[in-house]
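According to the working numbering, the sequence shown is numbered sequentially starting from 17. Have a look at the structure below before the remarks.
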Amino acid sequence: RIALRRMPSIRQTLQEMGVKVREVFPELRRGTRGGGDGPRNGTAPTLLTNYLDTQYFGEISIGTPAQTFKVVFDTGSANLWVPSYKCSPLYSACVSHSRYDSSKSRTYIANGTGFAIRYGTGSVKGVLSQDIVMVSDIPIVQVFAEATALPAFPFIFARFDGVLGMGYPSQAIDGITPVFDRILAQQILKEDVFSVYYSRWVPGEPG
Numbered sequence: 017r018i019a020l021r022r023m024p025s026i027r028q029t030l031q032e033m034g035v036k037v038r039e040v041f042p043e044l045r046r047g048t049r050g051g052g053d054g055p056r057n058g059t060a061p062t063l064l065t066n067y068l069d070t071q072y073f074g075e076i077s078i079g080t081p082a083q084t085f086k087v088v089f090d091t092g093s094a095n096l097w098v099p100s101y102k103c104s105p106l107y108s109a110c111v112s113h114s115r116y117d118s119s120k121s122r123t124y125i126a127n128g129t130g131f132a133i134r135y136g137t138g139s140v141k142g143v144l145s146q147d148i149v150m151v152s153d154i155p156i157v158q159v160f161a162e163a164t165a166l167p168a169f170p171f172i173f174a175r176f177d178g179v180l181g182m183g184y185p186s187q188a189i190d191g192i193t194p195v196f197d198r199i200l201a202q203q204i205l206k207e208d209v210f211s212v213y214y215s216r217w218v219p220g221e222p223g
């Protein structure tokens with residue numbers, strides 16, 4: 017069981033800063049939902065109208081000793097990525113979040129394969145690595161991505177660090193076995209299913 021915590025949405029964060037959403041995301045000002053030119057490089061990204069209102073995250077840890085990250089559990093993707101300590105300071109969205117430092121983990125195994133995943137606002141790029149990932153006290157050996165290039169918008173305003181994809185293996189980039197499937201392989205769950213429960217928001221309480 018992972019306690020989900022409600023966080024201010026990116027839209028709320030911008031409002032608190034006195035910044036209008038359309039000033040930061042010009043594609044919303046244009047009223048477009050995608051590139052409009054059909055598939056490019058074999059991809060057809062779609063801009064979701066309400067992508068600024070991601071509000072719930074849970075905590076996982078990576079490495080030995082554990083390094084803790086806040087991640088969004090995303091059913092629309094199947095890969096795990098977190099910001100990397102190797103990310104250039106030029107990427108402000110990286111340095112404003114918790115970053116994985118492979119040099120501080122004695123269970124880290126280098127992979128080095130390049131990684132990229134595309135969202136409506138840009139691509140997250142990095143390299144693959146392997147380490148112990150702990151999800152709700154369940155340890156697994158997992159290949160994940162260290163993000164070394166993270167677009168400023170919208171991630172600089174996000175309160176979460178990375179994304180844990182809960183989608184099917186067929187959705188996984190580079191054929192990586194998703195975290196949930198690694199957990200299922202241990203046959204420690206009563207059923208091969210996951211669920212999400214959202215309660216009413218109480219400040220400071222889990223969501």
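Idealized CB from N, CA, C, for every residue including glycine.
Annotation: the continuous alpha helix (DSSP H) that includes A109 extends over S108 to V111.
For V87, the beta-bridge partners assigned by DSSP are G74 and G178.
Exclusion of the five residues before and after V151 leaves I76 as the residues of its chain whose Cβ lies within less than 6 Å of its Cβ.
The three-state reading of DSSP puts S139 in strand, counting E and B together.
The Cβ-Cβ distance between G183 and S93 falls below 7 Å.
Note that the stretch 143-157 touches the stretch 191-208; at least 3 beta-carbon pairs, one per stretch, sit closer than 8 Å. With fewer than 16 other Cβ atoms from the protein chains shown falling within 10 Å of its own Cβ, P81 counts as exposed. About 6 Å separates the beta carbon of V143 from that of F131, a gap short enough to meet the 8 Å contact definition. Boundaries for P99: no alpha helix (DSSP H) harbours it, while the beta strand (DSSP E) harbouring it runs L96 to P99, taken from the DSSP string. Sorting G79, Y72 and V87 by C-alpha distance to the C-alpha of G181 places V87 at the top. Short of 7 Å from the beta carbon of P105, and not among the five residues preceding or following it, lie these beta carbons of its own chain, in chain order: V111. Counting only runs of at least 3 residues, the stretch 178-208 fully encloses the following beta strand (DSSP E) elements, listed from N- to C-terminal order: 178-181.
If you ignore the 5 residues before and after G79, its C-beta comes within less than 6 Å of the C-beta of S121 and D147, all in its own chain and listed in chain order. The alpha carbon of K102 has as its nearest neighbour, out of Q187, I172, Q202 and L166, the alpha carbon of L166. Taking the C-beta atoms as reference points, S100 is found nearer than 7 Å to Y116. Around the beta carbon of L96, a 10 Å sphere encloses 16 or more other beta carbons of the protein chains shown; the residue is thus reported as buried. Residue burial annotation: K206 is exposed, with fewer than 16 other C-beta atoms found within 10 angstroms of its C-beta.
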